[in-house]
Structures are given as structure tokens and as C-alpha cells.
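Notes follow the structure.
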Amino acid sequence: MSDHTGREAVAAVWRIESARIVGALARYTGDFAMAEDLAQEALAEALVSWPREGVPRHPAGWLLTVGRRRAIDAFRRRAALDDRYAALAGDLGEGGVLTGGEGADPVRAAAEVLWDPDQIDDDVLALIFISCHPVLSREARLALTLRVVGGLTSDEIAKACLVPTATVQARITRAKKTLGAARVAFEVPPAAERGARLGSVLGVIYLIFTEGSSASTGGDLIRFDLAGEAQRLARVLSRLMPGEPEVFGLLALLELTAARFPARTGPDGEPVLLEQQDRRRWDHSAIRRGRAALVKAGQVGRGLGAYGLQAAIAECHAVAASVAETNWERVVLLYEALGRLAPSPVVDLNRAVAVSMANGPAAALRIVDELVAAGALSTSHLLPSVRGELLTRLGRTEEARTELTEAVRRCANDRERAVLTNKLGALPTPDH
Numbered sequence: 154m155s156d157h158t159g160r161e162a163v164a165a166v167w168r169i170e171s172a173r174i175v176g177a178l179a180r181y182t183g184d185f186a187m188a189e190d191l192a193q194e195a196l197a198e199a200l201v202s203w204p205r206e207g208v209p210r211h212p213a214g215w216l217l218t219v220g221r222r223r224a225i226d227a228f229r230r231r232a233a234l235d236d237r238y239a240a241l242a243g244d245l246g247e248g249g250v251l252t253g254g255e256g257a258d259p260v261r262a263a264a265e266v267l268w269d270p271d272q273i274d275d276d277v278l279a280l281i282f283i284s285c286h287p288v289l290s291r292e293a294r295l296a297l298t299l300r301v302v303g304g305l306t307s308d309e310i311a312k313a314c315l316v317p318t319a320t321v322q323a324r325i326t327r328a329k330k331t332l333g334a335a336r337v338a339f340e341v342p343p344a345a346e347r348g349a350r351l352g353s354v355l356g357v358i359y360l361i362f363t364e365g366s367s368a369s370t371g372g373d374l375i376r377f378d379l380a381g382e383a384q385r386l387a388r389v390l391s392r393l394m395p396g397e398p399e400v401f402g403l404l405a406l407l408e409l410t411a412a413r414f415p416a417r418t419g420p421d422g423e424p425v426l427l428e429q430q431d432r433r434r435w436d437h438s439a440i441r442r443g444r445a446a447l448v449k450a451g452q453v454g455r456g457l458g459a460y461g462l463q464a465a466i467a468e469c470h471a472v473a474a475s476v477a478e479t480n481w482e483r484v485v486l487l488y489e490a491l492g493r494l495a496p497s498p499v500v501d502l503n504r505a506v507a508v509s510m511a512n513g514p515a516a517a518l519r520i521v522d523e524l525v526a527a528g529a530l531s532t533s534h535l536l537p538s539v540r541g542e543l544l545t546r547l548g549r550t551e552e553a554r555t556e557l558t559e560a561v562r563r564c565a566n567d568r569e570r571a572v573l574t575n576k577l578g579a580l581p582t583p584d585h
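In our numbering, the protein residues as written are 154 to 585.
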């Protein structure tokens, strides 16, 4: 087997199984930070061994065995000859304690000891809640979730977060130390605490998807790797928490939004605006999945939450034959409901866009001007971009030019900046 093929095999197995491996090791050792380190050590050993010796018949069992063996070594170094060490060592088989080897049948031992089918869902769920624990900063939650639940390497996370690899590694190290200092147990939070903690979990997944669907900087409009990872995490969470309406609301939002990805960019990656998109290219399977998740969100809850309302808005676009045939009155009502439930300047700005389509640009401009007066979104390109569009439609060309110029200045994404520049260039020049 070539080095390249072996590394590809390691990457594929790790992406699929890493959360379960970390979760199983954390449950077995009782130490989340240690478990993550053990899993990373097992990954490093696989990167050396598999290209040279071939992929083992049971790759997950192999990784678990290596992680468990490293745990024993760590306990031995600590001279921790307690019941936990005895239990770990006892399962290695004859000779395993002395040599640190795998014993008679390491794959079967790993499967029996660590791979508990009745426990595995709780393991993954515990990982998600720990990675998104409120004691951690937003940046740390994001990095830790992508590492332990998403299975991404530090380099991949660095690219996703647009920061140096060393910064990501420092965030993950600090996060694990913070969790250890706070004595965060490896367990699914009690039912009474789950609701409050769930918001943090959903927020991290939404943040990952948002950056993926509209990259804040760089040369690509869509970061498919990030968006896809967020969708995968949302699907996992929906299976683990089938009674939570907002989990399905978020899943519906992600599916319905991602459904438009195939038509959002042209052959060279340039953005294609909604009114110009070929809706035949939308992913209609994703639309069906999203609508089904939205129905589920309505069934298990007492009305839609913030993510569910956003999904309902996305559904309005998904079922419309064109921009002109979109039910903009319903979109306005949904944004008004969202603004009451989760008020924010971005929601108000999106409501203004919907109002412009339903009632004309003058009505929308009043909403946007209120945001300007309040000093909202003062660093974002979105506000001057929308205001410039509304002023253009009202024939106030010079004011529109000023706004679009400011939008271009603020925009950090190359693709979006090109669209704004084209809009600016398309404005009629003043007569002299």
C-alpha cells in the first residue's frame, strides 16, 4: 500500500469514527482531556503504521486498542496502580501488562471493552455537550467541536477558522485545561440542564454552517467543507435528541439553505444572485429532507423556535418558482415573528429586504435608516449593500453610489466584493 493510500484510509476512518473513539476512551478513563490526547496519539500511530503494514481488518478496533494501551502506559507512569488501572490491564490478555502489547485478540478485546452499543449514542452526545460547554469561549467551542466531534485536524480547523495552526492548538489546549479545572464530568447533562446547554450546541453548529455558506473572507463564496460538517453534526444531533424541536429546526434550515448551493456559483466560482439562479439546479432531495425536518420540528414542539422560523423562511424560497412568485408577505410575517423571538440587527435587515419585495423600497428604507441611526452593523458590508440597493431602486443614484462604495470597502470576501463592484459600476454616471 502506498503512503498516499494509507493516509487516505486513516483520514476516512478517523472522520467517521473519531467521535466514537474519543467518547469511548473518555467514558473508560473518566478523563475527557486525556481521552482526546490518547485518540490523537492513536491517530498519529495509524499514520505511520497503516501505510507501511496495510489497513487492519477492524480499523476502529485497532485505534481503540492503541488508545487503550497508551492509557495504560500513562497510568503506569503515574504509578496509579488503582482499580481503574487493574481493570484496564486485566483486559489486555496474557503478556499485555508486561509488554504493553495488544494481547491475544486486541480487536475482540477492544470491541468488548470499549465498544458498548448501548452506550455509544450517549458517548457522542456527551462529547457534543462538553465541546460546547458554556465555560469555554465561542472560539474554543468551535475549535473543540470540530476536533473531537468533527474529527478535523488542527491544520483543517485553522483553515476553517482562518487562523494559524498554532492558534487552534492553543485554543484546544486551553479548552481542555478549562474543562479540567471546572471539573466538567464526561456525561450527558441532566435533563433539567440540557435545554439551557442545547442553545450553545446549536449555536456552534449554526456558526460553522454560516461561515461555510457565506465565507467571511477569502476567495471562495462557499466553504463546502465547513457547511457539510455542520450538516453532518446537525444530523447526528437530530438522531441523538429526537424530542428537541429546535434541533430539527436547525437541521431543516441547514438542508434548505444548502439546497441552493449548486446554483449559487457559476462555472468559475463567481456568485449567482437569487433572482438569476437556475432553480432546476437546486438540490431537491435536500429540499425534501429540509421540509420533512421542519414538519418534525412543528410536531415535537409547541411552535417553531428561532431556527425553525428561519427554516420556514428558507422553505418559502425553496417552494417558489421564482423570486417574483415567492410569498413575500409570509416571509415578512416570519421575519417579524423571528424579530420578536430573537431580535437582532441582522434579522431587521433581512426583514427590510423582504419588505422591499412585498411593499416596495421606500417602506424598506425606513427600516434600514433606523438601523443606521442606531449604529447597528457598523463594520459589516451588509447594511450599506442593502441600503445602496434600495436607493438604486428609488433612483437616488449618488446616494446609492456612496453606500455601495462603503460596502465594497468593508467587504472581506473577494467574490462578494466583485459583485458589489459590478453593481457600483453599473450605476448611471451623473450628467455634466
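Glycine is no exception: its CB is placed at the ideal position from the N, C-alpha and C atoms.
By DSSP's criteria, residue i is part of a beta bridge. Which residues make up the other side?
{"i": "Gly-371", "result": "Asn-566"}
{"i": "Thr-418", "result": "Pro-424"}
Measure the Cβ-Cβ separation of residue i and residue j and say whether it is below 8 Å.
{"i": "Leu-580", "j": "Arg-554", "result": "yes"}
{"i": "Phe-362", "j": "Leu-407", "result": "yes"}
{"i": "Gln-429", "j": "Arg-417", "result": "no"}
{"i": "Arg-229", "j": "Leu-191", "result": "no"}
{"i": "Val-163", "j": "Ala-199", "result": "yes"}
{"i": "Ala-465", "j": "Leu-494", "result": "no"}
{"i": "Glu-423", "j": "Arg-568", "result": "yes"}
{"i": "Val-561", "j": "Leu-544", "result": "no"}
{"i": "Trp-481", "j": "Ala-505", "result": "no"}
{"i": "Pro-132", "j": "Arg-563", "result": "It is not possible to answer for residue 132, since the shown part of the chain is limited to 154 through 585."}
{"i": "Gly-365", "j": "Ala-172", "result": "no"}
{"i": "Ala-412", "j": "Ala-368", "result": "no"}
{"i": "Glu-478", "j": "Leu-447", "result": "no"}
{"i": "Val-476", "j": "Leu-427", "result": "yes"}
{"i": "Asp-276", "j": "Gly-176", "result": "yes"}
{"i": "Ala-511", "j": "Val-539", "result": "no"}
{"i": "Gly-461", "j": "Ala-380", "result": "no"}
{"i": "Pro-420", "j": "Arg-434", "result": "no"}
{"i": "Glu-397", "j": "Leu-457", "result": "no"}
{"i": "Gly-371", "j": "Asn-566", "result": "yes"}
{"i": "Val-521", "j": "Leu-491", "result": "no"}
{"i": "Trp-215", "j": "Leu-196", "result": "no"}
{"i": "Thr-320", "j": "Asp-308", "result": "no"}
{"i": "His-288", "j": "Thr-331", "result": "Note that residue 288 corresponds to Val in the displayed sequence, not to His. Against a cut-off of 8 Å, the Cβ pair of Thr-331 and Val-288 comes out as a contact."}
Residue i lies in the alpha helix (DSSP H); which residues open and close that run?
{"i": "Ala-496", "result": "Residue identity differs from the one stated: residue 496 is Pro in this sequence, not Ala. Looking at the DSSP string, Pro-496 is not in any alpha helix (DSSP H), and its letter there is neither H nor E."}
{"i": "Asn-394", "result": "According to the sequence as given, residue 394 is Met; it is not Asn. Met-394 -> no alpha helix (DSSP H), and no H or E assigned at all."}
{"i": "Leu-200", "result": "185-206"}
{"i": "Ser-533", "result": "No alpha helix (DSSP H) holds Ser-533; DSSP gives it neither H nor E."}
{"i": "Ser-307", "result": "307-314"}
{"i": "Gln-322", "result": "318-334"}
{"i": "Gly-461", "result": "459-472"}
{"i": "Phe-362", "result": "344-366"}
{"i": "Gly-443", "result": "437-453"}
{"i": "Ala-477", "result": "Looking at the DSSP string, Ala-477 is not in any alpha helix (DSSP H), and its letter there is neither H nor E."}
{"i": "Asp-522", "result": "514-526"}
{"i": "Val-219", "result": "212-230"}
{"i": "Glu-292", "result": "291-297"}
Closer than 8 Å, CB to CB, is residue i near chain D or not?
{"i": "Ala-296", "result": "Protein chains in the displayed structure number just one, and chain D is not present."}
Between residue i and the ligand GDP, is the CB less than 7 Å from at least one heavy atom?
{"i": "Phe-377", "result": "Ligands in the displayed structure: none, and consequently the ligand GDP is not present."}
For the pair the segment 356-365 and the segment 284-301, tell me if three or more CB-CB distances fall below 8 Å.
yes
Count the C-beta pairs between the segment 202-211 and the segment 183-191 that are closer than 8 Å, then say yes if the count reaches three, no if not.
no
Taking contact to mean 3 or more Cβ pairs, one atom from each stretch, closer than 8 Å, check whether the segment 494-512 and the segment 437-446 are in contact.
no
Does the contact criterion of 3 or more C-beta pairs under 8 Å hold for the segment 451-460 versus the segment 389-405?
Yes, they touch.
For the structure I just gave you, are there three or more beta carbon pairs, one from the segment 548-568 and one from the segment 508-516, closer than 8 Å?
With fewer than three CB-CB distances shorter than 8 Å, the segment 548-568 does not count as touching the segment 508-516.
Segment contact, 8 Å Cβ cut-off, at least three pairs: the segment 298-308 with the segment 274-287
Yes, since at least three Cβ pairs between the segment 298-308 and the segment 274-287 fall closer than 8 Å, the two stretches touch.
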